[in-house]
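Worksheet: the structure to be examined is printed underneath.
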């Protein structure tokens, strides 16, 4: 057994203290023959510190495309030649999407907008949309609207939004290679305000943007420092017309190594399968990740790419005897 896994068994599984950046890097560099042991340990950590439940979430885009930012992976940027164009979703459609999400057994419904940050029109539509959903659907409402002011944070709390997603996307040292229209620090400041407000923090990123293995470890350590309630783990699904449209997808074993490493860095965090897992891992890899530290999934489609049918994910969870997390009235 590699020394890093012996250390993690004592430190992470035994004491609930995550690995530091050097430890994460050691896991990311494990040879293939030790990957099953790393995944098994990560699964034990997840079961001990999070339990067997899996949180299921659906997402919908309130405002799609036409974003002024230049995130190099994103086909919703208005600066690239990618095919997504600006569309707004009306309130009845938003409520219907929430109903369909709740029908899968999901407890979380996230409203997303492709913007730098919300303007008055978007905040008004959010307030109306959240109120309409809460009046008709028994589901928690989360939001992802870009960078916020303190006033906007307070307004979202007042609406009853209980979790806010704002991904750091990658580590601090690599961020300028991915986005140039705003800084990593600006994103971090929004996350700080959200956490201080009492809303749950959802913050993750995308692997396979061109970062090195060392930068992947840096990213895990920075997320652990933030201590988010949830980390969505995406794997790049290259979008035509974007600057990263020609990048190769992450190798399946590297994706699984990352899942194990991120779990061992953050033993108590909800670690969610998000975009790109279908092309990176496929069905068998998806199962391996759920047995290797993942304890949440986004069901159905993502914002601009297709996901797995919700029925397939729910059948897999049933097969693995992993209960879907029930809606908590305390949140």
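Residue numbers (my numbering): 5 to 335.
Every residue, glycine too, gets a C-beta built ideally from N, C-alpha and C.
Asked                                                                                                                    : Found
Nearest-angstrom Cα separation, counted from residue 100 out to residue 33                                               : 45 Å
Distance between beta carbons of residue 95 and residue 113, contact taken as under 8 Å                                  : Not a contact, Cβ separation roughly 14 Å.
Three-state class that DSSP yields for residue 63 in the structure shown                                                 : strand
Those residues which DSSP pairs with residue 115 across a bridge                                                         : 64, 147
Distance CB(residue 223)-CB(residue 234) smaller than 9 Å                                                                : no
CA nearest to the CA of residue 318, picked from 61, 121, 150, 37                                                        : 61
Residue 222 in three-state terms, based on DSSP                                                                          : helix
Nonlocal neighbours in the same chain, by C-beta distance under 8 Å from residue 263, ignoring five residues either side : 43, 46, 237, 275, 293, 296, 297, 298
Sufficient close CB pairs (3 or more, under 8 Å) joining the segment 264-283 to the segment 244-251                      : no
Inter-residue spacing [alpha-carbon to alpha-carbon] between residue 91 and residue 71                                   : Unreliable positioning characterises residue 91 in this predicted model, as indicated by a pLDDT of 47, which lies under 50. The coordinate reading is nonetheless provided below. Cα to Cα, the separation comes out at about 11 Å.
Pick from 164, 145, 128, 168 that is closest to residue 152, judged by C-alpha positions                                 : 168
Closest residue to residue 76 among 26, 124, 226, 241 (Cα-Cα distance)                                                   : 241
Check whether residue 191 and residue 172 have beta carbons under 9 Å apart                                              : yes
Three-state class that DSSP yields for residue 167 in the structure shown                                                : strand
Minimum C-alpha distance to residue 177 - residue among 143, 165, 217, 193                                               : 217
Buried versus exposed call for residue 98 [16 or more other C-beta atoms within 10 Å across all chains shown]            : buried
Residue 269 beta carbon less than 9 Å from that of residue 225                                                           : yes
Range covered by the beta strand (DSSP E) that runs through residue 134                                                  : Not the beta strand (DSSP E): residue 134 falls in the alpha helix (DSSP H), residues 124-140.
Closest by C-alpha distance to residue 231, when choosing among 247, 221, 207                                            : 207
Close-in-space but distant-in-sequence residues of the same chain around residue 133 (CB under 8 Å, 5 per side omitted)  : 66, 95, 98, 99, 115
Short Cβ contact (9 Å threshold) for residue 246 with residue 78                                                         : yes
Check: residue 245 C-beta below 8 Å from any heavy atom of the ligand ZN                                                 : Within the structure as shown, the ligand ZN is missing, as the structure has no ligands at all.
Close beta carbons around residue 210, own chain, < 8 Å, minus the five adjacent residues each side                      : 77, 171, 173, 174, 238, 239, 240, 279, 280
Burial state of residue 119, where buried means 16 or more other Cβ atoms lie within 10 Å                                : buried
Opening and closing residue of the beta strand (DSSP E) in which residue 236 lies                                        : 234-239
Limits of the beta strand (DSSP E) - the one that residue 300 falls within                                               : 300-302
Of the listed residues 73, 140, 126, 52, nearest to residue 272 (C-alpha basis)                                          : 52
Cutoff 6 Å; reference residue 188; Cβ partners in own chain excluding five residues on either side                       : 176, 179
C-beta atoms of residue 110 and residue 143 nearer than 9 Å                                                              : yes
Residues that DSSP places opposite residue 58 in a beta bridge                                                           : 328
Boundaries (first-last residue) of the beta strand (DSSP E) holding residue 204                                          : 204-206
Inter-residue Cα distance where the pair is residue 105 and residue 63                                                   : 8 Å
With 16 other Cβ atoms within 10 Å as the buried cut-off, status of residue 73                                           : buried
Residue 4 - containing beta strand (DSSP E), residue span                                                                : Within the shown structure, residues of the chain are numbered from 5 to 335, placing residue 4 beyond reach of any answer.
Residue 275 - containing beta strand (DSSP E), residue span                                                              : 274-277
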